[in-house]
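Take the sequence shown: its position 57, counted from the start at 1, is 56 in numbering that gives the first Met the number 0, and no numbers get skipped.
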Amino acid sequence: MTFPHVRPRRLRTTPAVRRLVAEVSVEPRQLVLPMFVRDGIDAPLEISSMPGVVQHTVDSLRAAAEEAVREGVGGLMLFGVPDDADKDAEGSVAWNPDGVLNRGLRALREDLGDATVIMADTCLDEFTSHGHCGVLDAHGRVDNDATLERYALMGVAQADAGAHMLGPSGMMDGQIGVLRSALDSAGHQDVSLLAYTAKYASPFYGPFREAVGSSLQGDRRTYQQDAANRRESLRELELDLAEGADIVMVKPAMSYLDVLADVAAASPVPVAAYQISGEYSMITAASQNGWIDRDAAIRESLLSIRRAGADIVLTYWATEAARWLNRGTW
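As C-alpha coordinates, this is what we get:
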(Lines of atoms letter the chains of each structure in order from A and count residues from 1; the text may use other names and numbers.)
(Lines give C-alpha, C1' and ligand atoms only; values in the text may rest on other atoms or scores of the structure.)
Protein backbone atom coordinates (compact mmCIF):
# COMPACT_ATOMS: atom_id res chain seq x y z
CA MET A 1 0.00 0.00 0.00
CA THR A 2 1.08 3.56 -0.68
CA PHE A 3 0.54 5.84 2.30
CA PRO A 4 0.14 9.61 2.04
CA HIS A 5 3.12 11.83 2.78
CA VAL A 6 0.88 14.80 3.58
CA ARG A 7 -1.07 14.09 6.74
CA PRO A 8 -3.14 17.03 8.05
CA ARG A 9 -3.86 14.90 11.13
CA ARG A 10 -0.34 15.57 12.39
CA LEU A 11 -1.50 19.02 13.46
CA ARG A 12 -4.43 17.58 15.42
CA THR A 13 -2.59 15.05 17.56
CA THR A 14 -2.65 16.78 20.98
CA PRO A 15 -4.43 19.72 22.61
CA ALA A 16 -1.10 21.60 22.66
CA VAL A 17 -0.59 21.15 18.91
CA ARG A 18 -4.18 22.15 18.16
CA ARG A 19 -3.78 25.23 20.34
CA LEU A 20 -0.53 26.16 18.62
CA VAL A 21 -2.02 26.14 15.11
CA ALA A 22 -5.51 27.46 15.89
CA GLU A 23 -6.45 30.09 13.32
CA VAL A 24 -9.05 31.83 15.48
CA SER A 25 -9.31 32.37 19.21
CA VAL A 26 -11.66 34.07 21.64
CA GLU A 27 -10.44 36.56 24.22
CA PRO A 28 -12.42 38.14 27.07
CA ARG A 29 -11.80 41.63 25.69
CA GLN A 30 -13.73 40.69 22.53
CA LEU A 31 -16.91 39.83 24.43
CA VAL A 32 -19.76 42.19 25.32
CA LEU A 33 -22.39 41.27 27.91
CA PRO A 34 -25.99 42.37 27.18
CA MET A 35 -27.80 43.23 30.44
CA PHE A 36 -31.36 44.17 31.38
CA VAL A 37 -32.34 46.60 34.15
CA ARG A 38 -35.99 46.69 35.16
CA ASP A 39 -38.15 49.12 37.08
CA GLY A 40 -40.43 48.00 39.88
CA ILE A 41 -38.61 44.89 41.16
CA ASP A 42 -36.63 44.46 44.37
CA ALA A 43 -34.68 41.34 43.37
CA PRO A 44 -33.33 39.95 40.09
CA LEU A 45 -36.06 38.25 38.05
CA GLU A 46 -35.13 35.27 35.88
CA ILE A 47 -36.31 35.39 32.28
CA SER A 48 -38.20 32.12 31.83
CA SER A 49 -37.32 31.72 28.14
CA MET A 50 -33.64 32.47 28.82
CA PRO A 51 -32.68 30.32 31.82
CA GLY A 52 -29.71 31.84 33.60
CA VAL A 53 -30.37 35.40 32.37
CA VAL A 54 -32.18 37.90 34.59
CA GLN A 55 -33.78 41.29 34.62
CA HIS A 56 -31.71 43.23 37.15
CA THR A 57 -32.42 45.75 39.81
CA VAL A 58 -29.97 48.64 39.74
CA ASP A 59 -28.11 47.06 42.67
CA SER A 60 -27.83 43.61 41.11
CA LEU A 61 -26.88 45.23 37.79
CA ARG A 62 -23.95 46.90 39.51
CA ALA A 63 -22.77 43.65 41.06
CA ALA A 64 -23.05 41.66 37.81
CA ALA A 65 -21.28 44.41 35.88
CA GLU A 66 -18.41 44.48 38.35
CA GLU A 67 -18.03 40.71 38.04
CA ALA A 68 -17.93 40.96 34.23
CA VAL A 69 -15.27 43.67 34.37
CA ARG A 70 -13.17 41.61 36.80
CA GLU A 71 -13.17 38.79 34.27
CA GLY A 72 -11.99 41.16 31.55
CA VAL A 73 -15.20 41.35 29.49
CA GLY A 74 -14.77 44.11 26.93
CA GLY A 75 -18.08 45.91 27.27
CA LEU A 76 -21.61 45.98 28.67
CA MET A 77 -24.71 46.63 26.53
CA LEU A 78 -27.59 47.89 28.66
CA PHE A 79 -31.31 47.56 27.91
CA GLY A 80 -34.04 49.17 30.00
CA VAL A 81 -37.35 47.59 31.03
CA PRO A 82 -39.79 50.26 32.24
CA ASP A 83 -43.08 49.78 34.03
CA ASP A 84 -45.97 49.39 31.60
CA ALA A 85 -47.51 52.53 33.11
CA ASP A 86 -44.51 54.54 31.89
CA LYS A 87 -44.89 53.49 28.27
CA ASP A 88 -46.56 55.79 25.76
CA ALA A 89 -46.90 56.05 21.99
CA GLU A 90 -43.65 58.01 21.68
CA GLY A 91 -41.57 56.09 24.20
CA SER A 92 -40.79 59.35 25.98
CA VAL A 93 -39.40 57.68 29.12
CA ALA A 94 -36.44 56.73 26.91
CA TRP A 95 -35.07 60.29 27.07
CA ASN A 96 -36.24 61.02 30.61
CA PRO A 97 -33.09 61.40 32.76
CA ASP A 98 -34.90 59.46 35.51
CA GLY A 99 -35.98 56.65 33.18
CA VAL A 100 -34.79 53.19 34.14
CA LEU A 101 -32.23 52.85 31.36
CA ASN A 102 -30.62 56.21 32.06
CA ARG A 103 -30.51 55.49 35.80
CA GLY A 104 -28.79 52.20 35.05
CA LEU A 105 -26.25 53.89 32.79
CA ARG A 106 -25.43 56.47 35.46
CA ALA A 107 -24.95 53.76 38.07
CA LEU A 108 -22.55 51.82 35.83
CA ARG A 109 -20.55 54.90 34.90
CA GLU A 110 -20.31 55.95 38.56
CA ASP A 111 -19.04 52.50 39.56
CA LEU A 112 -16.85 51.61 36.61
CA GLY A 113 -15.75 54.88 35.07
CA ASP A 114 -13.69 54.08 32.00
CA ALA A 115 -12.71 50.56 33.13
CA THR A 116 -15.02 49.08 30.50
CA VAL A 117 -17.10 50.26 27.54
CA ILE A 118 -20.62 51.12 28.70
CA MET A 119 -23.03 50.76 25.79
CA ALA A 120 -26.67 51.79 25.57
CA ASP A 121 -29.40 50.33 23.41
CA THR A 122 -30.73 53.35 21.54
CA CYS A 123 -34.15 52.15 20.45
CA LEU A 124 -37.74 52.85 21.43
CA ASP A 125 -39.22 49.35 21.36
CA GLU A 126 -38.91 48.76 25.11
CA PHE A 127 -40.53 52.10 25.85
CA THR A 128 -43.44 52.39 23.43
CA SER A 129 -46.94 51.20 24.27
CA HIS A 130 -47.18 49.51 20.86
CA GLY A 131 -43.74 47.89 21.02
CA HIS A 132 -42.38 49.20 17.74
CA CYS A 133 -38.94 50.72 17.35
CA GLY A 134 -40.36 54.09 16.37
CA VAL A 135 -43.38 56.35 16.48
CA LEU A 136 -46.40 55.51 14.35
CA ASP A 137 -48.09 57.67 11.75
CA ALA A 138 -51.85 58.09 11.27
CA HIS A 139 -51.98 54.80 9.35
CA GLY A 140 -50.17 52.79 12.04
CA ARG A 141 -46.89 52.60 10.13
CA VAL A 142 -43.52 53.41 11.68
CA ASP A 143 -42.65 56.98 10.69
CA ASN A 144 -38.93 56.91 9.90
CA ASP A 145 -38.12 60.62 10.09
CA ALA A 146 -40.29 61.37 13.12
CA THR A 147 -38.58 58.46 14.87
CA LEU A 148 -35.16 59.93 14.14
CA GLU A 149 -36.09 63.04 16.09
CA ARG A 150 -36.80 60.86 19.15
CA TYR A 151 -33.58 58.89 18.66
CA ALA A 152 -31.65 62.16 18.82
CA LEU A 153 -33.28 63.00 22.16
CA MET A 154 -32.68 59.50 23.47
CA GLY A 155 -29.06 59.38 22.33
CA VAL A 156 -28.15 62.67 23.98
CA ALA A 157 -29.86 61.58 27.22
CA GLN A 158 -27.87 58.34 27.21
CA ALA A 159 -24.60 60.17 26.60
CA ASP A 160 -25.48 62.59 29.41
CA ALA A 161 -26.06 59.57 31.65
CA GLY A 162 -22.57 58.23 30.97
CA ALA A 163 -22.74 55.88 27.97
CA HIS A 164 -19.45 55.58 26.09
CA MET A 165 -21.14 54.07 23.04
CA LEU A 166 -24.66 54.04 21.60
CA GLY A 167 -26.20 51.12 19.74
CA PRO A 168 -29.10 52.36 17.59
CA SER A 169 -30.90 49.11 16.83
CA GLY A 170 -34.12 50.33 15.22
CA MET A 171 -33.00 50.07 11.56
CA MET A 172 -34.33 53.51 10.68
CA ASP A 173 -32.81 55.01 7.52
CA GLY A 174 -30.39 57.76 8.48
CA GLN A 175 -30.20 56.92 12.19
CA ILE A 176 -26.40 57.00 12.39
CA GLY A 177 -26.11 60.40 10.76
CA VAL A 178 -28.82 61.94 12.93
CA LEU A 179 -27.31 60.58 16.13
CA ARG A 180 -23.81 61.70 15.16
CA SER A 181 -25.06 65.21 14.53
CA ALA A 182 -27.08 65.30 17.78
CA LEU A 183 -24.19 64.02 19.88
CA ASP A 184 -21.70 66.44 18.37
CA SER A 185 -24.07 69.38 18.85
CA ALA A 186 -24.49 68.42 22.51
CA GLY A 187 -20.74 68.27 23.14
CA HIS A 188 -20.51 64.47 23.05
CA GLN A 189 -18.02 64.18 20.20
CA ASP A 190 -16.22 61.34 22.01
CA VAL A 191 -19.31 59.12 22.32
CA SER A 192 -19.09 56.45 19.62
CA LEU A 193 -21.73 54.71 17.54
CA LEU A 194 -22.14 50.95 17.18
CA ALA A 195 -24.29 50.68 14.06
CA TYR A 196 -26.76 47.82 13.80
CA THR A 197 -25.83 47.71 10.12
CA ALA A 198 -27.39 44.38 9.15
CA LYS A 199 -30.25 43.56 11.47
CA TYR A 200 -32.63 40.95 10.13
CA ALA A 201 -36.26 40.29 11.04
CA SER A 202 -36.03 36.94 12.81
CA PRO A 203 -38.08 34.55 14.96
CA PHE A 204 -34.92 34.05 17.02
CA TYR A 205 -35.67 37.31 18.84
CA GLY A 206 -38.59 35.61 20.62
CA PRO A 207 -37.04 35.26 24.10
CA PHE A 208 -35.76 38.84 23.95
CA ARG A 209 -39.35 40.07 23.75
CA GLU A 210 -39.91 38.59 27.20
CA ALA A 211 -36.60 39.98 28.43
CA VAL A 212 -37.60 43.57 27.66
CA GLY A 213 -41.32 43.19 28.41
CA SER A 214 -42.17 44.03 24.80
CA SER A 215 -45.66 45.30 23.97
CA LEU A 216 -45.19 44.58 20.26
CA GLN A 217 -48.28 44.50 18.08
CA GLY A 218 -47.59 43.10 14.60
CA ASP A 219 -44.03 42.61 13.34
CA ARG A 220 -41.01 44.67 12.27
CA ARG A 221 -40.58 43.46 8.72
CA THR A 222 -41.08 46.91 7.19
CA TYR A 223 -37.83 48.16 8.73
CA GLN A 224 -35.69 45.15 9.62
CA GLN A 225 -34.03 43.24 6.77
CA ASP A 226 -35.48 40.27 4.94
CA ALA A 227 -33.74 36.94 5.60
CA ALA A 228 -33.67 36.27 1.85
CA ASN A 229 -31.33 39.20 1.16
CA ARG A 230 -27.54 39.14 1.34
CA ARG A 231 -26.19 41.91 -0.92
CA GLU A 232 -28.45 44.44 0.79
CA SER A 233 -26.25 44.30 3.89
CA LEU A 234 -23.32 45.74 1.96
CA ARG A 235 -25.50 48.66 0.92
CA GLU A 236 -26.44 49.20 4.56
CA LEU A 237 -22.75 49.03 5.45
CA GLU A 238 -21.85 51.68 2.89
CA LEU A 239 -24.56 54.01 4.22
CA ASP A 240 -23.62 53.56 7.88
CA LEU A 241 -19.96 54.22 7.17
CA ALA A 242 -20.81 57.37 5.22
CA GLU A 243 -22.92 58.60 8.15
CA GLY A 244 -20.11 58.10 10.68
CA ALA A 245 -20.44 54.63 12.19
CA ASP A 246 -17.49 53.72 14.41
CA ILE A 247 -18.31 49.99 14.62
CA VAL A 248 -20.74 47.99 12.49
CA MET A 249 -22.73 44.93 13.51
CA VAL A 250 -24.59 41.93 12.11
CA LYS A 251 -27.58 40.57 14.03
CA PRO A 252 -28.48 37.71 14.50
CA ALA A 253 -25.07 36.05 14.35
CA MET A 254 -25.31 32.30 13.82
CA SER A 255 -27.97 32.29 11.09
CA TYR A 256 -26.14 35.02 9.19
CA LEU A 257 -22.50 33.96 9.24
CA ASP A 258 -22.35 34.47 5.46
CA VAL A 259 -23.50 38.06 5.87
CA LEU A 260 -21.04 38.53 8.73
CA ALA A 261 -18.20 37.30 6.51
CA ASP A 262 -19.27 39.68 3.73
CA VAL A 263 -19.39 42.66 6.07
CA ALA A 264 -16.09 41.76 7.72
CA ALA A 265 -14.38 41.50 4.33
CA ALA A 266 -15.64 44.93 3.25
CA SER A 267 -15.54 46.95 6.48
CA PRO A 268 -12.68 49.34 7.32
CA VAL A 269 -13.97 49.64 10.91
CA PRO A 270 -14.35 46.95 13.60
CA VAL A 271 -17.17 44.44 13.10
CA ALA A 272 -19.44 43.09 15.84
CA ALA A 273 -22.02 40.31 15.84
CA TYR A 274 -24.83 39.67 18.32
CA GLN A 275 -25.45 36.10 19.47
CA ILE A 276 -29.09 36.76 20.22
CA SER A 277 -31.60 35.42 22.71
CA GLY A 278 -32.95 32.62 20.53
CA GLU A 279 -29.46 31.32 19.89
CA TYR A 280 -28.78 31.35 23.62
CA SER A 281 -32.08 29.64 24.42
CA MET A 282 -31.70 26.90 21.80
CA ILE A 283 -28.33 25.81 23.15
CA THR A 284 -29.53 26.12 26.74
CA ALA A 285 -32.72 24.13 26.17
CA ALA A 286 -30.98 21.38 24.20
CA SER A 287 -28.35 21.01 26.90
CA GLN A 288 -30.97 20.91 29.65
CA ASN A 289 -32.59 18.02 27.80
CA GLY A 290 -29.26 16.20 27.60
CA TRP A 291 -29.14 16.44 23.81
CA ILE A 292 -25.88 18.36 23.47
CA ASP A 293 -22.81 19.23 25.51
CA ARG A 294 -23.60 22.76 26.70
CA ASP A 295 -20.10 24.08 27.30
CA ALA A 296 -18.69 22.64 24.08
CA ALA A 297 -21.60 24.08 22.10
CA ILE A 298 -21.03 27.53 23.62
CA ARG A 299 -17.35 27.42 22.70
CA GLU A 300 -18.02 26.23 19.17
CA SER A 301 -20.72 28.85 18.62
CA LEU A 302 -18.45 31.69 19.75
CA LEU A 303 -15.58 30.40 17.62
CA SER A 304 -17.87 30.21 14.59
CA ILE A 305 -18.79 33.87 14.98
CA ARG A 306 -15.16 34.89 15.37
CA ARG A 307 -14.16 32.66 12.43
CA ALA A 308 -16.71 34.42 10.20
CA GLY A 309 -14.98 37.72 10.92
CA ALA A 310 -16.42 39.31 14.07
CA ASP A 311 -13.95 41.37 16.08
CA ILE A 312 -16.53 41.77 18.87
CA VAL A 313 -19.23 39.32 20.01
CA LEU A 314 -22.25 40.30 22.06
CA THR A 315 -23.24 37.18 24.01
CA TYR A 316 -25.15 36.37 27.16
CA TRP A 317 -22.30 33.99 28.01
CA ALA A 318 -19.68 36.77 28.04
CA THR A 319 -18.82 36.56 31.74
CA GLU A 320 -18.86 32.77 31.85
CA ALA A 321 -16.77 32.41 28.70
CA ALA A 322 -14.29 34.99 30.00
CA ARG A 323 -14.00 33.02 33.23
CA TRP A 324 -13.20 29.83 31.30
CA LEU A 325 -10.55 31.65 29.30
CA ASN A 326 -8.98 33.21 32.38
CA ARG A 327 -8.83 29.92 34.25
CA GLY A 328 -7.61 27.81 31.36
CA THR A 329 -10.80 25.73 31.17
CA TRP A 330 -11.86 26.89 27.72
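Ideal Cβ positions, reconstructed from N, Cα and C, are used throughout, including at glycine.
Opening and closing residue of the beta strand (DSSP E) in which residue i lies
| i | result |
| --- | --- |
| residue 284 | Unbroken run through residue 284 is the alpha helix (DSSP H), 276 to 287; no beta strand (DSSP E). |
| residue 75 | 74 to 80 |
| residue 36 | 30 to 37 |
| residue 195 | 191 to 198 |
| residue 262 | Here residue 262 belongs to no beta strand (DSSP E); instead the alpha helix (DSSP H) covers 256 to 265. |
| residue 54 | 53 to 55 |
| residue 313 | 311 to 313 |
| residue 25 | Per DSSP, residue 25 belongs to no beta strand (DSSP E) and is neither H nor E. |
| residue 248 | 246 to 250 |
7 angstroms Cβ shell around residue i - same chain, five flanking residues per side excluded
| i | result |
| --- | --- |
| residue 198 | 168, 170, 223, 224, 250 |
| residue 274 | 252, 253, 300, 304, 312, 313, 314 |
Span of the alpha helix (DSSP H), counted from its first residue to its last, around residue i
| i | result |
| --- | --- |
| residue 3 | Unbroken run through residue 3: none, as it is neither H nor E. |
| residue 320 | 317 to 326 |
| residue 155 | 143 to 160 |
Candidates the options, of which the one nearest residue i by Cα
| i | options | result |
| --- | --- | --- |
| residue 27 | 49, 35, 122, 69 | 69 |
| residue 294 | 306, 316, 309 | 316 |
| residue 49 | 88, 281, 32 | 281 |
| residue 108 | 133, 123, 60, 142 | 60 |
| residue 101 | 42, 87, 276, 78 | 78 |
| residue 133 | 33, 87, 103 | 87 |
| residue 71 | 309, 210, 308, 31 | 31 |
| residue 272 | 94, 310, 65, 44 | 310 |
| residue 267 | 1, 308, 149 | 308 |
| residue 83 | 98, 126, 13 | 126 |
| residue 143 | 174, 67, 161 | 174 |
| residue 160 | 145, 187, 206 | 187 |
8 angstroms CB neighbourhood of residue i in its chain, flanking five on each side removed
| i | result |
| --- | --- |
| residue 165 | 118, 119, 121, 154, 157, 158, 178, 182, 190, 191, 192, 193 |
| residue 355 | The structure shown does not extend to residue 355, since the chain spans only 0 to 329, so no value can be given for it. |
| residue 196 | 232, 235, 236, 239, 244, 247, 248, 249, 262 |
Nonlocal neighbours in the same chain, by C-beta distance under 6 angstroms from residue i, ignoring five residues either side
| i | result |
| --- | --- |
| residue 85 | 92 |
| residue 20 | 10 |
DSSP state of residue i mapped onto helix, strand, coil
| i | result |
| --- | --- |
| residue 20 | helix |
| residue 134 | coil |
| residue 49 | coil |
| residue 63 | helix |
| residue 270 | strand |
| residue 291 | coil |
| residue 68 | helix |
| residue 40 | coil |
Of all the beta strand (DSSP E) runs that stay within the bounds of the segment 82 to 126, which reach a length of 3 or more residues? 116 to 120
Curious, which full-length alpha helix (DSSP H) runs of at least 4 residues does the segment 167 to 232 contain? 174 to 184, 205 to 210
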